[in-house]
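Novice: What follows is a structure written as structure tokens; I'll ask about it next.
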Amino acid sequence: MQEYKSRLTNILEDLGLSKTEAEIYLLLLKRSGASVSELAKEVGLTRQRIYDILENLSEKGLIYVSAQKPRRYYAVSPEVATSMLIRDVEKRLYNLFKLREEFLNIVRSIGVKGNVSNTISYEVTGRRVLISTIKEFINKSDEELAIAATSNESIRIVYEYKPEIFEASERGVKIYLLAPLSELPRDIVETLNKVAICSEFKSSARMYVRDCEEAIIMPSEGSLKERRWYDEAVVLKNKDISRAIRDLILSRFDELPN
152 MQEYKSRLTN ILEDLGLSKT EAEIYLLLLK RSGASVSELA KEVGLTRQRI
202 YDILENLSEK GLIYVSAQKP RRYYAVSPEV ATSMLIRDVE KRLYNLFKLR
252 EEFLNIVRSI GVKGNVSNTI SYEVTGRRVL ISTIKEFINK SDEELAIAAT
302 SNESIRIVYE YKPEIFEASE RGVKIYLLAP LSELPRDIVE TLNKVAICSE
352 FKSSARMYVR DCEEAIIMPS EGSLKERRWY DEAVVLKNKD ISRAIRDLIL
402 SRFDELPN
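By the numbering used here, the letter at position 232 of the sequence shown is numbered 383, and the numbering carries on one by one without gaps.
In structure tokens, the structure reads:
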């Protein structure tokens with residue numbers, strides 16, 4: 152265990168412990184329990200400091216103490232400890248999302264726009280960020296949404312973006328979808344036909360265009376060998392380029408909408 156101590160400490164720090172907390176937990180795990188005096192002597196800290204660290208670890212659910220005296224402290228199993236730490240991370244992440252929503256609601260309530268100023272395009276990288284960007288993109292659609300999708304993206308529209316797509320359709324947004332329909336499961340095609348005007352086409356990229364105002368372009372599955380990231384996109388905030396992409400998508404339909 153000693154040869155991996157540095158890496159184990161770093162992992163526990165990444166999961167939310169301080170360096171000293173991580174070292175005390177690993178020491179207890181290695182020794183199968185220890186008293187405050189033993190820990191203080193081992194790590195060279197005062198007894199009061201050890202008590203404080205043990206209290207923190209106890210609150211996190213990572214250690215327990217014996218009933219007999221002198222008290223001996225024991226580490227819970229690594230499986231339980233890491234699960235507890237991950238749960239704390241999830242709680243913090245949930246609270247951060249709540250803070251984000253509060254921040255956005257306040258910003259919108261005072262009339263500040265969320266547009267990117269003086270920017271023609273910007274990149275979005277990472278699965279969670281990309282999904283959030285596309286959901287917001289769909290929600291911002293007022294009149295029309297043109298989509299060119301791969302087979303996987305078509306399935307993602309049904310399972311990942313279904314609430315946003317259906318809500319957009321219900322509020323009157325006209326949705327046009329190019330997709331390899333013949334490659335898709337029947338239930339996926341049936342769902343897509345409920346909310347969009349669909350046409351058969353195998354796209355070499357994934358594209359969304361909103362109201363001829365803004366476009367998102369993403370690589371297809373077939374380009375993975377050439378690109379480092381699959382979950383990345385370019386957002387184009389240019390009306391002329393967006394209209395050109397929209398017209399390209401709609402040119403694959405029998406009738407081009409006005």
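All C-beta atoms in this analysis are idealised placements derived from N, C-alpha and C, irrespective of residue type, glycine included.
#1: What number of angstroms, rounded off, separates the C-alpha of residue 328 from the C-alpha of residue 254?
#2: Give me, in chain order, the residues of the same chain whose beta-carbon lies closer than 6 Å to that of residue 319; leave out the 5 immediate sequence neighbours on both sides.
#3: Quick one: grab the DSSP three-state call for residue 357.
#4: Let me confirm a value: residue 227 is counted as buried when at least 16 other C-beta atoms fall within 10 Å, else exposed. Which label applies?
#5: Taking its Cβ as the centre, do 16 or more other Cβ atoms sit within 10 Å of residue 294, making it buried, or is it exposed?
#6: At which residues does the beta strand (DSSP E) containing residue 214 begin and terminate?
#7: Would you list the one or two residues that DSSP bridges to residue 276?
#8: Just confirm the distance between the C-beta atoms of residue 401 and residue 297, as a whole number of angstroms; I'd bet it's less than 8 Å.
#9: Looking at C-beta atoms only, is the number of pairs between the stretch 330–342 and the stretch 358–373 that lie closer than 8 Å three or more?
#10: Could you check if residue 250 is buried or exposed, using at least 16 other CB atoms within 10 Å of its CB as the buried criterion?
#11: Thinking residue 198 and residue 188 are a contact (beta carbons under 8 Å), I'd like their distance in whole angstroms, please.
#12: Could you give the first and the last residue of the continuous alpha helix (DSSP H) run that contains residue 236?
#13: Return the Cβ separation of residue 175 and residue 190 in integer angstroms, given the expectation that the two are a contact with Cβ distance under 8 Å.
#14: How far does the alpha helix (DSSP H) with residue 295 in it extend, from its first residue to its last?
#15: What do you get for residue 218, buried or exposed, if any count of 16 or more other CB atoms within 10 angstroms of its CB means buried?
#16: Compute the Euclidean distance between the alpha carbons of residue 241 and residue 398, then round it to the nearest angstrom.
#17: Applying the 10 Å Cβ sphere with the 16-neighbour rule, what's the burial state of residue 393?
#18: Taking the straight line between their C-alpha atoms, what separation do you get for residue 396 and residue 313?
#19: Is residue 350 helix, strand or coil by DSSP?
#20: So the candidates are 404, 333, 258, 362; which of them puts its Cα closest to the Cα of residue 348?
Specialist: The structure says:
#1: Answer to the nearest angstrom: the Cα atoms are 34 Å apart.
#2: The answer, listed in chain order, is 289, 292.
#3: In the three-state reduction of the DSSP assignment, residue 357 falls in the strand class, which pools E and B.
#4: Residue 227 is buried by the Cβ-count criterion.
#5: Exposed, because fewer than 16 other Cβ atoms sit within 10 Å of the Cβ of residue 294.
#6: Here the beta strand (DSSP E) through residue 214 covers 214–216.
#7: Beta-bridge analysis with DSSP links residue 276 to 383.
#8: About 6 Å; that satisfies the 8 Å criterion.
#9: Taking 8 Å as the limit for Cβ pairs, the verdict is that the stretch 358–373 does not touch the stretch 330–342.
#10: Classification of residue 250: exposed, given that the 10 Å Cβ count is below 16.
#11: A Cβ-Cβ distance of about 7 Å is found for the pair residue 198 and residue 188, placing them in contact under the 8 Å criterion.
#12: Looking at the DSSP string, the run of the alpha helix (DSSP H) that includes residue 236 is 229–260.
#13: Right, their Cβ atoms sit about 6 Å apart.
#14: Not the alpha helix (DSSP H): residue 295 falls in the beta strand (DSSP E), residues 295–299.
#15: Burial call: exposed.
#16: Rounded to the nearest angstrom, the two C-alpha atoms are 43 Å apart.
#17: With 16 or more Cβ atoms within 10 Å of its Cβ, residue 393 is classed as buried.
#18: For residue 396 and residue 313, the distance between alpha carbons rounds to 23 Å.
#19: In the structure shown, residue 350 sits in a strand (DSSP, three-state: E or B).
#20: Considering only 404, 333, 258, 362, the residue with the shortest C-alpha distance to residue 348 is 404.
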